[in-house]
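K.L.:
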Amino acid sequence: MLSLTAKRALLQNVVLTGARRCISVQSLLHGSPEARKAGDIEILQHSRLVARGKYVHGFEVHRVKPDSIDEYKAAAEKYYAGIKDDARLHVKLTGSWETVVGDQDAFVHILEYENYAGYDKTVDLIKNSEHADSYKALLPYVNSRSTQLTQEFAFFPTAPPHAQGGIFELRSYQLKPGTLLEWETAWRKGIEARRKFVAPVGAWFSQIGRLHQVHHMWQYPSLEVRKEVREKAWQIDGWAETVTKTAQLAKFMDSFILVPLPFSPLK
Numbered sequence: 371m372l373s374l375t376a377k378r379a380l381l382q383n384v385v386l387t388g389a390r391r392c393i394s395v396q397s398l399l400h401g402s403p404e405a406r407k408a409g410d411i412e413i414l415q416h417s418r419l420v421a422r423g424k425y426v427h428g429f430e431v432h433r434v435k436p437d438s439i440d441e442y443k444a445a446a447e448k449y450y451a452g453i454k455d456d457a458r459l460h461v462k463l464t465g466s467w468e469t470v471v472g473d474q475d476a477f478v479h480i481l482e483y484e485n486y487a488g489y490d491k492t493v494d495l496i497k498n499s500e501h502a503d504s505y506k507a508l509l510p511y512v513n514s515r516s517t518q519l520t521q522e523f524a525f526f527p528t529a530p531p532h533a534q535g536g537i538f539e540l541r542s543y544q545l546k547p548g549t550l551l552e553w554e555t556a557w558r559k560g561i562e563a564r565r566k567f568v569a570p571v572g573a574w575f576s577q578i579g580r581l582h583q584v585h586h587m588w589q590y591p592s593l594e595v596r597k598e599v600r601e602k603a604w605q606i607d608g609w610a611e612t613v614t615k616t617a618q619l620a621k622f623m624d625s626f627i628l629v630p631l632p633f634s635p636l637k
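Numbering of the sequence shown is given in the numbering used here, commencing with residue 371 and proceeding in unit increments.
1. Between which two residues does the alpha helix (DSSP H) carrying E594 extend?
2. In three-state terms, what does DSSP make of G572?
3. Just verifying my parser: in three-state terms, what is the DSSP assignment at Y425?
4. If we ignore side chains and look at the alpha-carbon of each, how far apart do D455 and H582 end up?
5. Where does H479 land, buried or exposed, given buried means 16+ other C-beta within 10 angstroms?
6. Under three-state DSSP, which class holds L509?
7. Where does D624 land, buried or exposed, given buried means 16+ other C-beta within 10 angstroms?
8. Just grab the DSSP bridge partners of T520 for me.
9. Would you mind stating whether H460 and K491 have Cβ atoms separated by less than 8 angstroms?
10. In whole angstroms, what separates the C-alpha of G572 from that of P510?
11. Take H427 and list the residues in its own chain whose beta-carbon comes closer than 8 angstroms to its own, dropping the five residues that flank it on each side.
12. Any idea which residues DSSP pairs F626 with across the strands?
13. Three-state secondary structure (DSSP) at S499?
14. Where do the N-terminal and C-terminal ends of the alpha helix (DSSP H) with T616 fall, by residue?
15. Name the DSSP bridge partner or partners of K462?
16. Can you name, in chain order, every residue of its own chain whose Cβ lies under 7 angstroms from the Cβ of G608, other than the five neighbours on each side?
17. Between which two residues does the alpha helix (DSSP H) harbouring L551 extend?
18. Excluding the 5 residues flanking R541 on each side, which residues of the same chain have their C-beta closer than 6 angstroms to its C-beta?
19. Going by beta carbon distance, what residues of the same chain come within less than 6 angstroms of S576, once the five residues before and after it are set aside?
20. Look at A476 and V431 and say whether their C-beta atoms are less than 8 angstroms apart.
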């Protein structure tokens with residue numbers, strides 16, 4: 371059986387050469403003669419290589435009516451703090467934030483489930499609990515909602531709860547299909563250099579919802595410190611190359627500045 375390193379190198383070679391030649395990634399790894407089916411096998415194998423595999427993180431984004439921000443915050447605290455403190459559920463609240471630069475009147479909640487089995491159990495339990503009523507109570511203040519299930523990158527688990535203050539930056543990249551492994555390899559190398567100044571709060575890639583998307587989150591004391599840290603990173607060998615390579619693999623990118631809500635475990 372091939373080692374993880376050998377599998378990673380083999381898959382990366384397939385991606386880099388653009389060999390869409392009817393030979394599936396599954397065939398290369400396991401000797402199957404079957405052709406790849408519409409990229410599904412490729413996505414699965416890439417995910418297995420780059421994922422930590424311990425948790426599933428749910429990204430819930432709510433776009434709130436501008437005249438209902440305060441009411442929404444109160445209702446959201448009752449719901450998310452309620453499920454955070456319910457020992458029956460197989461979920462933890464990673465954090466809850468309000469967007470201050472980027473999409474206005476938007477709130478981001480990240481939930482950590484005990485893998486997909488934990489997600490299924492939690493959803494079923496919430497349906498028949500007081501939390502369902504709490505969730506319904508916040509809906510009148512919401513214009514739209516989106517949900518995405520993601521996995522952590524293996525090289526960087528999500529930070530535990532802490533209260534360091536400051537701001538958070540959520541960066542999201544829409545990748546070209548089939549480039550996840552190449553993106554992860556380039557970003558992982560560069561992030562080792564940038565750790566000298568700051569480490570990400572978390573890094574995730576999508577599995578259900580909008581696909582071919584990656585997110586990473588950072589925390590800074592202020593926007594001024596963010597500017598200084600990013601300028602220092604450009605002076606480190608390898609970071610400029612990382613930015614160039616990852617940008618080439620992305621169709622578009624977004625950067626949002628967030629502030630934590632009072633009940634957020636990460637703040």
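Ideal Cβ positions, reconstructed from N, Cα and C, are used throughout, including at glycine. Remember, predicted model here, so these are calculated numbers, not experimental data.
P.N.:
Taking the definition as stated:
1. Within the sequence shown, residue 594 is the residue found at index 224, counting from 1. L593 to A603 is the span of the alpha helix (DSSP H), which, as asked, contains E594.
2. The residue you call residue 572 lines up with position 202 of the sequence shown. DSSP places G572 in strand when its eight states are reduced to three.
3. The residue labelled residue 425 in the question sits at position 55 within the sequence shown. Reduced to three states, the DSSP call for Y425 is coil.
4. Residue numbering aside, residue 455 sits at position 85 when the sequence shown is read from its first letter. Residue numbering aside, residue 582 sits at position 212 when the sequence shown is read from its first letter. Each residue's Cα considered, the two are about 33 angstroms apart.
5. In the sequence shown, the residue the question calls residue 479 occupies position 109. Per the 10 Å Cβ criterion, buried.
6. As a position in the sequence shown, residue 509 is number 139, starting the count at 1. Reduced to three states, the DSSP call for L509 is helix.
7. Taking the first residue of the sequence shown as position 1, residue 624 is located at position 254. Classification of D624: exposed, given that the 10 Å Cβ count is below 16.
8. Within the sequence shown, numbered from 1, the residue matching residue 520 stands at position 150. T520 is bridged to H427 and S576.
9. As a position in the sequence shown, residue 460 is number 90, starting the count at 1. As a position in the sequence shown, residue 491 is number 121, starting the count at 1. Yes, the pair counts as a contact, with Cβ atoms nearer than the cut-off.
10. Indexing the sequence shown from 1 puts residue 572 at position 202. Indexing the sequence shown from 1 puts residue 510 at position 140. Answer to the nearest angstrom: the Cα atoms are 31 angstroms apart.
11. Position 57 of the sequence shown, counted from the start, is the residue given in the question as residue 427. Here the set comprises T464, I480, L481, E482, Y483, L519, T520, Q521, E522, T528, G572 and W574.
12. Counted from its first residue, the sequence shown places residue 626 at position 256. Partner residues in the beta bridge of F626, as assigned by DSSP, are L540.
13. Numbered from its first residue, the sequence shown carries residue 499 at position 129. Coil at S499, not helix or strand.
14. Counting from 1 along the sequence shown, the entry for residue 616 is found at position 246. For T616, the uninterrupted alpha helix (DSSP H) run begins and ends at W609 to Q618, by DSSP.
15. Mapped onto the sequence shown, residue 462 falls at position 92. E482.
16. Position 238 of the sequence shown, counted from the first residue, corresponds to residue 608. Same-chain partners within the cutoff: K559, G560 and A563.
17. Mapped onto the sequence shown, residue 551 falls at position 181. Judged by DSSP secondary structure, L551 falls within the alpha helix (DSSP H) whose first and last residues are L550 to R564.
18. By one-based count along the sequence shown, residue 541 stands at place 171. Shown here for R541: same chain residues with a beta carbon closer than 6 angstroms to its own, the five before and five after excluded, namely H586 and S625 in chain order.
19. The count along the sequence shown starts at 1 and reaches residue 576 at position 206. Only Q518, T520 and Q583 meet the Cβ criterion.
20. Here residue 476 refers to the residue found at position 106 when the sequence shown is read from its first residue. Here residue 431 refers to the residue found at position 61 when the sequence shown is read from its first residue. Yes; because the gap between Cβ atoms is below 8 angstroms, this pair is in contact.
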